[in-house]
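Protein chains in written order, with the working numbering: chain E, 1 to 485; chain W, 486 to 1066.
Spelled out as structure tokens, the structure:
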């Protein structure tokens, strides 16, 4: 097979992933998918090796691969045509609770040849407070339902009791039902098209093309680091209110084609939820080292494994079970990025998390509630239009969109004197509560209202109609964070 | 009915009762969690599918508050799987919105086939050590919705046609902190059902299905006749009572539970119209729980030799308006309902019945100073202790008997775990567990004295503590005094924290203590009528102080001879103070 032919077939896989991601995004109901781009679509081989992937934002980079690889091991020889597998567990290749991966096997030549997978963030999957961010959690059970590998369809037969179990443990069952249906549709579409591609070109050609793509991505990834020093070390830390100190120590070594990042000297498992799972840690490392390549080459096994990562045991970059992890990407990933940037003499690509407020109907007041992750702008940078390209498919909501449901009014959104953005949102109705997850810097949203903001014995904010919330977004090219050092 | 039929009915009933009791013994002897094998916080029963509905045909003595709840849960589970049942299926469920009570109480159900149809269902209902969610142990005093109570388990099959569904099994285990216990407990529950299945199959084989069913009809009719006879002995009328829940742990206080008992011939309706609207905190009672505690109240008024089966329930109707604290709408939290407001539901039903059947009511006591503790063993595995000893004691009096003590709350039937076993299973030492003087509800028959307990923990832990029965302690009946309030205190690193209502996720250092005062039971009848010799015995046993004997019972004790001072007593008791009449 010629290189151009391999490239064409490799691009076919990429196109399938894009189509799957697009299909899913257009059908999904979760605001975290539609507005925040928290989804991915991937094609993997029978061993769970990633062949191509389209993701909405970088935290998803390694999770589909890590999840499916373990899924293959878990079900071993018990995967059949017509199965639809579901998994969403931080301790099973995932990143954080509430991120679900739907996987469909694709048969060829009488055996499983590929997997089509869609991963997405549900708006809620039980847990201590509505939504997926759980600042007070210290155990994984407090963050969400753990969805260990389970068959939603077995040989084409729906496992209704399993679906009922999952839907019974979300505050937004209709939304999740829609998202799962969208994921079914998207994976089925991708699977069908893989089948059509095999019919047209043959399994061997497609496999060879995938191998070619993996080798190419690996080669490009290694070459992209050619200009940097052979070794280096960096540190980054933050002290977040009530969270204690977190430090990431990164050692970088490069010898020939071997690139190694050692994060094992980072601080121990955090006693709250500021922990990165190994999959999320890999995503942060890959995003930092290969940010410039993410739009150029295929995200596949070659890119993900271009670097060997050591994370040690019982570290904030590889927490000891059952530690909570929901704030890992917001708090620890920027530290990984900053520490690696120092180690490699580069610039951190993951800035401190954007200020966000998670708003939801008063807990217990409705049989369904869809928490909204409110963040009306982005961290700007001098000379760059729009948000960080690494935010991927995240969409800055328009004023009209924010105001449609009658919950918010966007009063202002403008640049300040320092090139940052300040936005002010009014809470338009009663009956709402919120949490404000930490950002890792001083840019937390500020709420002003007449009534007391906190209630006795409550771990959430009690919002008043007319409350004003100010979001300040510092420039990311200035570090984006006062706390990340 | 001919005598041969009657005899066969009793033999069949005995066989089912035996099967249910074998289930109970199997769970006790094979379960891993101390909550099962030491505290016996479970119930076993056998159901029959009859004209599309399940009906209870046998139940082993167990945790009383599961009695009716088990019926609703089984019906809800079988509604889901009625067209999809196979020999060897095992169903697991705990869904407060569909026949459940609070989430920790799970049911395991096995269909037993006869004539190629699912006819019988041995069931185990048991309190799991953990049920996922925000706090270890399943009682989250900060809960404001069902998901803050824990992980809901709608009916699902753990086994299908005898084969374990590994992925579903692992899914259940993954959402439980006490995974290693749960594995064993689920096996024990399944094993108990399989044991019962063998017994059931033997009965059917011996008598044939038609005759077995006829026998079941007879047994249920017999129980119903006995219960109806009891109710018919009560004068027709409407009997109203009300009681109050102290608080909901979220700021609401004095939450009303109202009940009118309407007796009409041999039928009785408990109408809870007038009860408070549902509350934010986790004291709302699911309908199944409300029915269960009404059943507990009725059961305590009926002769104990009446077999427990569907016939018990037939004469009783409950009106529970939706959206109230005794029948909340989804997703209001219900995590504490088997303690609060279950206690108040039984109490108010008994208070209503005390007006028409005063000599039948009593033994009221369930308001608990609840504190549970979790930590990790040296190997990293979690432990969760419900600290059963702290809740022990305090049964109320009934007509003809003082409240008996040193059992856990009477309305559960949970067995007091052995202190030695507890100290082996948990890093704890139980330093004190004894009656406390002057903590009984006085009466012609007095409540059991309160019990003071001190537990010292040898390892760091997290404790949640929630107090009830303080603003509205356990009520007495027919002139008997109320029991005194409960009390709870935590001491860690020299700092003592008296719990006023709730302490949430409190970190206790090693060598910390929890002190419980479980208030005594309420009395029955006015205390000035209590025989002097009984009061003297109470003083000699140090249940009652001489001062209280004098002021509360009107009995003067000569402290030198430790005998009753007859003259002074006669003066004190004559005339009987109006307030004591």
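All C-beta atoms in this analysis are idealised placements derived from N, C-alpha and C, irrespective of residue type, glycine included.
Tell me whether residue 243 of chain E sits in a helix, a strand or coil according to DSSP, three-state version.
-> Correct three-state label for residue 243 of chain E: coil.
Looking only at C-alpha atoms, which of W:956, W:938, W:966 sits nearest to residue 926 of chain W?
-> Residue 926 of chain W has its Cα closest to that of W:966, out of W:956, W:938, W:966.
Apart from the five residues just before and just after residue 888 of chain W, which ones in its own chain have a Cβ nearer than 6 Å to its Cβ?
-> Closer than 6 Å at the Cβ level, and outside the excluded window around residue 888 of chain W, lie 880, 881, 882, 932, 933, 1006.
Compare the C-beta of residue 1026 of chain W with all C-beta atoms of chain E and state if any pair is closer than 9 Å.
-> No, its Cβ sits nowhere closer than 9 Å to a Cβ of chain E.
Would a check of beta-carbon distances place residue 180 of chain E closer than 9 Å to chain W?
-> Any Cβ of chain W closer than 9 Å to the Cβ of residue 180 of chain E would place that residue at the interface, and such an atom is absent.
Reference residue 832 of chain W; option with closest CA among W:808, W:786, W:815 | It is W:786.
For residue 244 of chain E, does the count of other Cβ atoms within 10 angstroms reach 16, so buried, or fall short, so exposed?
-> With fewer than 16 Cβ atoms within 10 Å of its Cβ, residue 244 of chain E is classed as exposed.
Would you call the region 984–991 of chain W and the region 906–923 of chain W touching, i.e. three or more CB-CB distances under 8 Å?
-> Below 8 Å, too few C-beta pairs join the region 984–991 of chain W and the region 906–923 of chain W to call them touching: fewer than three.
Excluding the 5 residues preceding and the 5 following residue 45 of chain E in the sequence, name in chain order all residues of the same chain whose CB lies nearer than 8 Å to its CB.
-> Taken in chain order, the residues that qualify are 51, 113, 114, 115, 207, 210.
What does residue 818 of chain W reach in chain E if we use C-beta pairs closer than 8 Å?
-> Ordered by position in chain E, the residues that pass the 8 Å Cβ test against residue 818 of chain W are 364.
Nearest CA to the CA of residue 795 of chain W: which residue from W:1054, W:512, W:543, W:503?
-> Comparing alpha-carbon positions, the option among W:1054, W:512, W:543, W:503 lying closest to residue 795 of chain W turns out to be W:543.
Along chain W, which residues have their Cβ under 7 Å away from the Cβ of residue 149 of chain E?
-> Going along chain W in sequence order, the residues near residue 149 of chain E (Cβ under 7 Å) are 652.
Flag residue 536 of chain E as yes if its beta-carbon sits less than 9 Å from any beta-carbon of chain W, otherwise no.
-> Since the first residue shown for chain E is 1 and the last is 485, residue 536 of chain E is missing from the structure and cannot be characterised.
State the Cα-Cα distance for the pair residue 221 of chain E and residue 298 of chain E, rounded to the nearest angstrom.
-> So the alpha carbons of these two residues sit roughly 11 Å apart.
May I have the straight-line CA-CA distance separating residue 65 of chain E from residue 315 of chain E, to the nearest angstrom?
-> Roughly 22 Å separates the two Cα atoms.
Output the distance between the C-alpha atoms of residue 1066 of chain W and residue 886 of chain W, rounded to the nearest integer angstrom.
-> Residue placement at residue 1066 of chain W cannot be trusted, given a pLDDT of 49 that sits under 50; what the coordinates show is reported in the next sentence. Approximately 19 Å between the Cα atoms of the pair.
Start and end of the beta strand (DSSP E) containing residue 868 of chain W?
-> Looking at the DSSP string, the run of the beta strand (DSSP E) that includes residue 868 of chain W is 867–870.
Taking the continuous alpha helix (DSSP H) assigned at residue 689 of chain W, which residues delimit it?
-> Residues 664–692.
Is there contact here, the region 352–367 of chain E with the region 624–642 of chain W, by at least three beta-carbon pairs under 8 Å?
-> Under the 8 Å Cβ criterion, the region 352–367 of chain E counts as touching the region 624–642 of chain W, having at least three qualifying pairs.
In three-state terms, what does DSSP make of residue 160 of chain E?
-> Three-state result, residue 160 of chain E: helix.
Does the beta carbon of residue 640 of chain W come closer than 9 Å to any beta carbon on chain E?
-> Among the CB atoms of chain E, one or more fall inside 9 Å of the CB of residue 640 of chain W.
With a cut-off of 9 Å, does the C-beta of residue 168 of chain E fall near any C-beta of chain W?
-> Interface residue, yes.
With DSSP run on the structure shown, which of helix, strand or coil describes residue 484 of chain E?
-> Because the pLDDT of residue 484 of chain E is 39, which lies under 50, any placement of that residue in the model is unreliable, and the number read from its coordinates should be weighed accordingly. In the structure shown, the three-state DSSP call for residue 484 of chain E is coil.
Could you have a look at residue 465 of chain E and say whether DSSP puts it in helix, strand or coil?
-> Reduced to three states, the DSSP call for residue 465 of chain E is coil.
Taking the CB atoms as reference points, tell me whether residue 293 of chain E and residue 261 of chain E lie closer together than 9 Å.
-> No, these two residues do not count as a Cβ contact at 9 Å.
Per-residue burial, residue 919 of chain W [other beta carbons within 10 Å of its own, 16 or more giving buried] | Label assigned to residue 919 of chain W: exposed.
Near residue 822 of chain W, which residues of its chain fall below 7 Å by C-beta distance, leaving aside the five closest residues on each side in sequence?
-> Excluding residues up to 5 positions away in sequence, 586, 587, 768, 769, 770, 771, 774 lie with their Cβ nearer than 7 Å to the Cβ of residue 822 of chain W in the same chain.
Is residue 987 of chain W close to chain E, meaning its C-beta is less than 9 Å from at least one C-beta of that chain?
-> In terms of beta-carbon proximity, residue 987 of chain W lines the interface with chain E, with at least one pair separated by less than 9 Å.
With 9 Å as the threshold, decide whether the Cβ of residue 565 of chain W is near any Cβ in chain E.
-> Residue contact with chain E for residue 565 of chain W: present (Cβ-Cβ distance below 9 Å to some residue of chain E).
From residue 14 of chain E to residue 55 of chain E, what distance separates their C-alpha atoms?
-> Their backbone Cα atoms lie some 11 Å apart in a straight line.
Considering only residues of the same chain and omitting the five flanking positions on each side of residue 454 of chain E, which have a CB-CB separation below 6 Å?
-> Answer for residue 454 of chain E: no residue qualifies.
Indicate whether residue 410 of chain E and residue 468 of chain E have their beta-carbon atoms separated by less than 9 Å.
-> Their beta carbons are not under 9 Å apart, which means residue 410 of chain E does not touch residue 468 of chain E by this criterion.
In chain W, what lies closer than 7 Å to residue 145 of chain E by C-beta?
-> Here the neighbours are 636, 660.
In terms of DSSP beta bridges, what is residue 738 of chain W paired with?
-> For residue 738 of chain W, the beta-bridge partners assigned by DSSP are W:732.
Since residue 858 of chain W and residue 971 of chain W are thought to touch, with beta carbons under 8 Å apart, how far apart are those beta carbons, to the nearest angstrom?
-> Between residue 858 of chain W and residue 971 of chain W a beta carbon distance of about 17 Å is seen, past the 8 Å cut, so the two are scored as non-contacting.
Quick one: using the 10 Å Cβ neighbour count with 16 as the cut-off for buried, is residue 84 of chain E buried or exposed?
-> Answer is buried; the Cβ neighbour count reaches 16.
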